[in-house]
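First comes the structure, then the notes that go with it.
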């Protein structure tokens, strides 16, 4: 639930009894699509802000944290990723990070709502720098159905860059969806799913993701926490799963010697994120 209080955008997380706010300069645009209500704002200190159904999606100031951690740990956990599938990710920031890897030959992005991408092109053009890359394919359709129809072994890495597990994204957190991901991944493939707040969801959403991924046939699962100021609790996570691959290891030398710049991700950050605090390990059941 969100509200405007004077010149503030405030998102209330009633289940956790907390709220997050950003001081606004102005509301820019709003549109009701067949799937959700999308609003664009200009904030005082975080640049542009996109919200969907009243929930914060991304801001200019801190989106790099999320996009880098959704892309680089998974790609460096794979031996040699060539074909990457992104489910969701309509703001195109994860796509940009994926295509910084020179070995990637094809990146397919499937997002159900084209308006997210159109707003991103207008207000976050830096995130859309790779949209015209010949290796990129942007498709606007149902990601769950795409996975159901996809041929086996088509991708090396699948990135599920989804919204919270409600509405159109609810099915992206279920074991049935992960079984399709397992089938569509080639041997040695890596799946990564955004997995909400370690502080608020370790014993619920994150725990259930590990259970569902393993039920779907994945051999190894690993959650990596990272900071994300505009999301509930200011702390977020992604959860990796490997098909015949241990995702608690990664190509450390390649990560250290990468030929592109990042603002948050590094080989040291990746190593550190693999060590979970005891309360998370207990909640997940490691």
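Numbering (the working numbering), first residue to last: 1 to 286.
Beta carbons are placed, not taken as given, at the ideal position from N, Cα and C, and that holds for glycine.
As the structure is a prediction and not an experimental result, all values here were calculated from the model.
With 8 angstroms as the threshold, decide whether the Cβ of residue i is near any Cβ in chain B.
{"i": "residue 209", "result": "The question asks about chain B, but that chain is absent: this structure has only one protein chain."}
How would you call residue i, buried or exposed, if buried means at least 16 neighbouring beta carbons within 10 angstroms?
{"i": "residue 278", "result": "exposed"}
{"i": "residue 271", "result": "exposed"}
{"i": "residue 230", "result": "buried"}
{"i": "residue 202", "result": "buried"}
{"i": "residue 284", "result": "buried"}
{"i": "residue 287", "result": "Outside the shown range of the chain (1 to 286) lies residue 287, about which nothing can therefore be said."}
{"i": "residue 36", "result": "buried"}
{"i": "residue 227", "result": "exposed"}
{"i": "residue 27", "result": "exposed"}
{"i": "residue 161", "result": "buried"}
{"i": "residue 260", "result": "exposed"}
{"i": "residue 68", "result": "buried"}
{"i": "residue 189", "result": "buried"}
{"i": "residue 81", "result": "buried"}
{"i": "residue 134", "result": "exposed"}
{"i": "residue 11", "result": "buried"}
{"i": "residue 156", "result": "buried"}
{"i": "residue 216", "result": "buried"}
Please report how far the alpha carbon of residue i lies from the alpha carbon of residue j, in whole angstroms.
{"i": "residue 118", "j": "residue 52", "result": "14 angstroms"}
{"i": "residue 70", "j": "residue 248", "result": "15 angstroms"}
{"i": "residue 7", "j": "residue 114", "result": "29 angstroms"}
{"i": "residue 65", "j": "residue 125", "result": "17 angstroms"}
{"i": "residue 38", "j": "residue 30", "result": "6 angstroms"}
{"i": "residue 180", "j": "residue 18", "result": "36 angstroms"}
{"i": "residue 147", "j": "residue 174", "result": "13 angstroms"}
{"i": "residue 286", "j": "residue 153", "result": "29 angstroms"}
{"i": "residue 44", "j": "residue 234", "result": "19 angstroms"}
{"i": "residue 209", "j": "residue 241", "result": "10 angstroms"}
{"i": "residue 57", "j": "residue 50", "result": "6 angstroms"}
{"i": "residue 15", "j": "residue 34", "result": "27 angstroms"}
{"i": "residue 158", "j": "residue 85", "result": "5 angstroms"}
{"i": "residue 32", "j": "residue 89", "result": "19 angstroms"}
{"i": "residue 103", "j": "residue 48", "result": "32 angstroms"}
{"i": "residue 91", "j": "residue 74", "result": "19 angstroms"}
{"i": "residue 1", "j": "residue 232", "result": "Reliability of the predicted coordinates at residue 1 is poor, the pLDDT of 48 falling under 50, and no value is obtained from them."}
{"i": "residue 55", "j": "residue 177", "result": "24 angstroms"}
{"i": "residue 187", "j": "residue 99", "result": "22 angstroms"}
{"i": "residue 41", "j": "residue 94", "result": "21 angstroms"}
{"i": "residue 195", "j": "residue 214", "result": "15 angstroms"}
{"i": "residue 110", "j": "residue 22", "result": "30 angstroms"}
{"i": "residue 198", "j": "residue 265", "result": "19 angstroms"}
{"i": "residue 287", "j": "residue 122", "result": "One cannot answer for residue 287 here, as it falls past the ends of the chain, which runs 1 to 286."}
{"i": "residue 273", "j": "residue 280", "result": "12 angstroms"}
Kindly give me the distance between the Cβ atoms of residue i and residue j, rounded to whole angstroms, as I take these residues to be in contact under 8 angstroms.
{"i": "residue 192", "j": "residue 128", "result": "About 21 angstroms separates the two Cβ atoms, so there is no contact after all."}
{"i": "residue 223", "j": "residue 276", "result": "7 angstroms"}
{"i": "residue 105", "j": "residue 139", "result": "So it is not a contact: roughly 17 angstroms between Cβ atoms."}
{"i": "residue 9", "j": "residue 24", "result": "5 angstroms"}
{"i": "residue 255", "j": "residue 76", "result": "5 angstroms"}
{"i": "residue 96", "j": "residue 130", "result": "5 angstroms"}
{"i": "residue 185", "j": "residue 143", "result": "Incorrect: roughly 15 angstroms between the Cβ atoms, too far for contact."}
{"i": "residue 219", "j": "residue 257", "result": "Contact flag wrong, Cβ pair sits at about 28 angstroms."}
{"i": "residue 107", "j": "residue 136", "result": "5 angstroms"}
{"i": "residue 112", "j": "residue 141", "result": "7 angstroms"}
{"i": "residue 72", "j": "residue 262", "result": "7 angstroms"}
Determine which residues share a DSSP beta bridge with residue i and list them.
{"i": "residue 174", "result": "Answer by DSSP bridge pairing: none, since residue 174 is not bridged."}
{"i": "residue 191", "result": "158 and 241"}
{"i": "residue 139", "result": "110"}
{"i": "residue 36", "result": "Answer is none; residue 36 lacks a bridge partner."}
{"i": "residue 19", "result": "12"}
{"i": "residue 26", "result": "42"}
{"i": "residue 52", "result": "38 and 55"}
{"i": "residue 116", "result": "DSSP output for residue 116 lists no bridge partner at all."}
{"i": "residue 274", "result": "None, per the DSSP bridge assignment."}
{"i": "residue 184", "result": "Partner(s): none; residue 184 has no beta bridge."}
{"i": "residue 31", "result": "38"}
May I ask whether a heavy atom of the ligand NAP can be found less than 7 angstroms away from the beta carbon of residue i?
{"i": "residue 274", "result": "Absence of the ligand NAP from the depicted structure is noted, as is the absence of any ligand whatsoever, leaving it without description."}
- Whole beta strand (DSSP E) runs in the region 208-270 with 3 or more residues, listed along the chain? Listed in chain order, the complete beta strand (DSSP E) runs (minimum 3 residues) inside the region 208-270 are 220-227 and 235-242.
- Note down, one range per segment and in chain order, each beta strand (DSSP E) of at least 3 residues found wholly within the region 60-114. 83-88 and 106-110
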